[in-house]
Structures are given as structure tokens and as C-alpha cells.
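A short worksheet on the structure shown next.
Numbering (our numbering), first residue to last: -13 to 712.
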């Protein structure tokens, strides 16, 4: 049955996606100019209604947003700009904080670029990588230091120019750092270490540099590069061409042989495209000749489809990384495939009729409470949680065959959502910022800390995800309202889920989702020493899941496909990097022993603490990776063995004085995955609930847990793709 459902899903979605072009059996050898191919077809961006113009919320001039013109080249300023990118530190303040581009930390400052093959530091509480300027490249005797300029950026790469003569192609997962000269110049290559030796080949196109910290670096050049050195500085004679720098990650001669083999082919940019159901394709534009060598992180290796692309995996060619070992992959194009995920309105297994009365009793009280306890917050985050909580009541009512409460829920949602979309909500509003290209809030336009930083593009997928969930449900139960406010709803989707690359778009491409790491970032336009970060993976999943539900409510199969695919990748990433399993080897033993979930995951750090709570509050760490409790939560926590360990690890923290009842509810929800009766007894004793949760929702969750009678992953009687499978 399981295989049949998956085949059905793939068959139907294949009608939505364009089939990717079949790659050549062998990558062609390429000389300059760069390889020229038609762009990879991508899934269409969510479509606006044809009968109405694209909607923009009222424009505002923010007083707190930074000026993008300091670091972006003028041609880029006419289009929306990324606000959660892997290179965001290069665009903020002085642009001088490093970014981790795998396998190197790379810093640009004082008209130079510094490369670090970082060392890793671990304790039971956190893991981070330290930056040391192992090599610093600049034009010799460069005067009047200037900012670097971002002249191009893509899904997998960014191009930095350091005036007047250097251009760096920074491609993620590249074992080489590539520099091209814009004019004839003398190069300066310095190091904080002592140079022990410099060995060059007869043609002066390969130089092996040994340092006193046991590092060995190799410098390759496209034409003769004549170097001389002192204790910690190399200088060149006049040079024009391309130089590439790579560290030997191990002592074996095998590493050097591999680097030699692939030194002449270099990527200048890289893009990603969704080309099939739950399928992502990488493609790099390259110069030089020969085959292209890049590095894959552990999740890449799990998803890499050898059947759909010509790649060679070099199992013994490895670099260290905070995300796990990076392994060499040879090929111009990769195809990544993840398991299909079915987006459903209701639980996958359903609720047995004998349990309806208790849920209905709680549901009546919760719906009555909507009148007696109106929403009083103007915070876009907490308001979104409140309306999404109310929307759950309508879907639970459908599932337990109690439609009597749905009219009250519908009226509540109309009264609470409409003012935000119509622009007459008292105290806050959604507005449009043209400087970076996106939705901000009225409060956030003048206060960078308001709405948890929403006005500086922090947490957009979290806030808007809750609104989209409520909009999806209301549009389902009130199609006329849904049609009226569809333009506003699609504008909110596009803010963080735009797939388009058009220069005239109102929003950047995939504001939060990282197409190389395969999960989202939440940090916005704030400079952080360790790059972007994300705390709650489950709220990220909710954003894409809610967009897919909105697609269901509007009959938009494209939006269903996009949301389902992004949710599927987000969940795989959460299970890979946020869910910690002892003995798995992803993290050091002392960290894995003391943690079952990461608190905040940074591009260059793992932290057990949360933004709002210390590491010891394990119930918060578990809860923030679970909420909101939804049908998609079943897929996020499919690994019952891990859930057992997570609950076992969390429960002792519940004995601490002052533990919130709301956090207990999420722990009991996880316990219900394998012990429904115990979880039910504990849940009945709760005296309060998270502001996005309720007794009705917890009872629905517990009573809809599978008894192990069938594999319901992606299936069940409420599976959405059944509607398209005839």
C-alpha cells in the first residue's frame, strides 16, 4: 500500500514539474568562456490570480533597515535583495565578519580576503569553529582600503570584487578558493603563521606552502606565478590570470593528487532548481577545462541520486566541517531526491469514533473561549499563533464530525484576520519595504526589536507561516472570503517562498530557505559572528506546510507542490542536524551525550541554549522543536526510537519549579507517540496550554496516534493527493 501511494504521488506531481534535462554521460571539457547552457527549468513561482493585479501592502520607508548600496553593485540594487543568505555578513555594517562557506571560513576586510580552515572546539554545551587568518590575499601595496563589492550572487555562490584588481568566486562546498585578476597586478599572500617552506613546480603554476601550524596549502595558477617569501609573507611579480588556493586536509599524497587533477576546472557560480517531485538539481557554471570537483555534506550524500546525474563520489577525499564530513563529488550537476511527503488537513491515521466525545467536550469549551478571551496582542508573532490555534478547532471539528462549532470559528477568523489584510488593524500592520524588497510590520519599521525583528527580516517564515495556516483554513471553510483576499494571501506567500529570478519581482528568491544546507535561516539583517541561525525547525516546517495547505484551499497544485517539497527538505535537515542521536557521530561524544536537540543552530556553531531560555530548560528545547502541533508533526517525528530518547532526556526537567504548563503539553505529546495512555493521563491534568495550543489539539493528537497497525507515512484517508489520483 505504501509503495502504491508513493507511486501515485510521483505520477501526479510529475505533471506539475518539468522534467530535468538528462545530463551527459561525461562532463564536457570546457575552455573559457564559461559553459553556456539554457537555464534549468524551475517550478513556477506561486501564481497570482489572473483576474486581479499583484497585491502590495502599503509602502513604508523604514528608519532601521541598513543601506544595501554599501556593498551591492549598482545593477543589483534594482532587484529585491537577500535578507537571510549564507553571505549576509558581507552586507552588514563593515561587512567584515566571516562567513562559513564549507570548508572554509572566509573574511573580507581592509581590501583583502582571508581564508581559514577552521579548528573545531566542543564542550557538552556548544560546538563552534574558530577563525584564524591562515592565508590573506590582497593586491600588493594596495592603498586606501575600500569595501568589497558583491557583483553577483546565486543559490550556491557569491562573487566578491575587491577594488581595483581582484575578483573572488566563492562557491559553497568548493575545496578551492578562486581569485581572478581584473588587471595585471602584484599579489600579496600573507599568513599569521610562519612559512616553513615554499616549493614550486618548474612552470611556476603550482606552489606548495608549508606552515608551522602543520598546515599545507597549495596555490595553483593559470599562468606562471613567480613568488618570493619572507617569514610570513609571499609576494609575486606582475600577474594576470586565475589563482586557486586549497588546503591539504590530510597528510596523504592522495589528497594532493586529487587536487592536482581538478585544479584547472573552477566554478564561477552555482544555481539550484526544483525539477521534479521532491527533487532538487544543482548546476554550476564553470571555466577552465576538465571535470568539476566539489564537496557534499552528509545530507547531500543521503539524497544524492546516482540514477539521475553523472557523478563520481570520492569516498576517501574528505574535509572537516561543523555539519559533518564533507566528501568529494565529481560532476557538473547533482540531483537530490527526498522521500515524498503528503500534506493533509487532518491526521493521517484518523481518530476512532469512540474517542470523539472527549475531544468534542474540550472543543466546545475552547471555541466558547474565543469570545470570552479575545486576542489582545498586536505582535505579529503571537497574533499569528492565536489565529492559527483557532483555525485548528475547525479542522479538529471536521475530523471528529462535530460541525456545530465551525460557524463560530469561521466568524472569529474573519474578524481577526481581515483587519491585517485590509490594512485597518489597530496597532500594527503589514507594510512593504522597497529598499530590500519585502513585507515588514508597522512596529518593525521604526523599532528593530519590535515583532522579534520582523522589521529587519528576522523570522519571516515563522510569523507569516501562522497567518497562512489560518488563511488556508478560513479559505477552506469560507471560499468567498478566500477569493476576496487571495491577492493579499499570495503576497504573503511570495515574501518568503518566491521561486522566481525575475529582476522585476517584488520579493527575493526564497528569503529564508537555504538551497545548499536544505533548511531555513531566521536571522535577518543582523550581523552575527557565526552567521545565520535558526532555532525552531518545526515552525519552519509549519510555514511551508501552511503554504501547501493554502494551495489546497485554492486548488493551486503548484503551491501545493512547492510547499510540500520545501517542508520535506526542511524536515530531513532537522532530523540530520537538530535531532541529536548518541553514537551517530555527527557531533562529539560529550555534546551528543548531553543533548537530544540543538537549541540554536548557527552556520558556524551549535548551541544548546535558546534565545529565550537556558540549556537546562530542556522542556523548552523540546517544545520549540515540536510546536505547533499539526498533522505534519507526525512526519517530523517518525523515528519512534528517537522520540523515546527525547522524552527520556526531557522529563527530568519537568520537576523543576516554575516549569510552564504549555511546555509540558508538548513533552506529553511526544510521549503519546509511543505511550498514549500515560500521555493522556498527564494531559488531562494540565492546568494551562501554550498560546498556540489547546486541550482540544492535544487530545486530537493523542487519540490520532497510530497503534502500529499500519504504515501511515504519507498516506491515510485524508491524503491530499488522493484528490488528484483517479
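Every residue, glycine too, gets a C-beta built ideally from N, C-alpha and C. Please read all numbers here as calculations on a predicted model, not as lab measurements.
Cβ atoms of residue j and residue i: under 8 Å apart, would you say?
i           : j           : result
residue 659 : residue 607 : no
residue 398 : residue 405 : no
residue 639 : residue 605 : yes
residue 295 : residue 321 : yes
residue 99  : residue 175 : no
residue 253 : residue 126 : no
residue 506 : residue 449 : no
residue 665 : residue 654 : yes
residue 227 : residue 251 : no
residue 379 : residue 337 : no
residue 325 : residue 368 : no
residue 349 : residue 382 : yes
residue 427 : residue 438 : no
residue 536 : residue 475 : yes
residue 564 : residue 611 : yes
residue 683 : residue 615 : yes
residue 584 : residue 632 : no
residue 477 : residue 43  : yes
Skipping 5 residues on each side, what residues in its chain have a beta carbon closer than 7 Å to that of residue i?
i           : result
residue 493 : 66, 423, 424, 480, 481, 484
residue 513 : 75, 78, 79, 83
residue 319 : 9, 267, 268, 269, 295
residue 55  : 63
residue 516 : 114, 588, 589, 590, 591
residue 51  : 419, 421, 422, 442, 511
residue 693 : none
residue 194 : 185, 202, 204
residue 462 : 539
residue 402 : 361, 373
When DSSP labels each residue in this structure, what does residue i get in the three-state scheme?
i           : result
residue 386 : coil
residue 658 : coil
residue 392 : helix
residue 568 : coil
residue 18  : Bear in mind that the predicted position of residue 18 carries a pLDDT of just 35, short of 50, making it unreliable; the figure below should be weighed with that in mind. Looking at residue 18 - three-state DSSP - the assignment turns out to be coil, as it is neither helix nor strand.
residue 50  : coil
residue 693 : coil
residue 400 : helix
residue 311 : coil
residue 490 : coil
residue 79  : coil
residue 61  : helix
residue 505 : strand
residue 594 : coil
residue 93  : strand
residue 772 : Here the chain has residues from -13 to 712 only, and residue 772 is not among them.
residue 618 : coil
residue 429 : helix
residue 574 : coil
residue 468 : helix
residue 419 : strand
I'd like the list of long-range same chain contacts for residue i, defined as Cβ closer than 6 Å, with 5 residues on each side in sequence excluded.
i           : result
residue 341 : 689
residue 206 : 192, 230, 249
residue 550 : 327, 329, 534
residue 414 : 364, 427, 428, 429
Here's a check: name, in chain order, each residue in its chain whose Cβ is nearer than 8 Å to the Cβ of residue i, leaving out the five neighbours to either side.
i           : result
residue 400 : 460, 464, 467
residue 49  : 431, 432
residue 290 : 282, 297, 299, 315, 320, 321, 322
residue 313 : 281, 282, 287, 299, 300, 301, 303, 304
residue 680 : 348, 352, 375, 378, 379
Give a yes or no on whether the minimum CB-CB distance between residue i and chain B is below 8 Å.
i           : result
residue 539 : Note that chain B does not occur in the displayed structure, where there is just one protein chain.
Assess contact between the segment 614 to 626 and the segment 114 to 123, defined as three or more Cβ pairs (one per stretch) separated by less than 8 Å. Is contact present? no
Give a yes or no on contact between the segment 153 to 162 and the segment 275 to 283, applying the rule of three or more CB pairs nearer than 8 Å. yes
Three or more C-beta pairs under 8 Å: does that hold for the segment 249 to 269 against the segment 138 to 150? yes
Can you list, in chain order, the stretches of the beta strand (DSSP E) that have 3 or more residues and sit fully within the segment 124 to 164? 135 to 140, 143 to 148, 152 to 157
Are three or more beta carbon pairs between the segment 355 to 366 and the segment 645 to 664 nearer than 8 Å? no
Residue ranges of each alpha helix (DSSP H) within the segment 441 to 466, 4 or longer: 446 to 463
Sequence ranges, beta strand (DSSP E) only - wholly within the segment 164 to 230, length at least 3: 171 to 176, 181 to 186, 192 to 197, 202 to 207, 213 to 215, 219 to 225
Any contact of the segment 196 to 210 with the segment 178 to 188, i.e. 3+ C-beta pairs under 8 Å? yes
Please determine if the segment 585 to 601 and the segment 105 to 116 are in contact, where contact requires at least 3 C-beta pairs separated by less than 8 Å. yes
Fully enclosed by the segment 497 to 568, which alpha helix (DSSP H) runs are 4 residues long or longer? 523 to 540, 543 to 559
Within the segment 296 to 373, ranges of the alpha helix (DSSP H) (whole runs, at least 4 residues): 342 to 358
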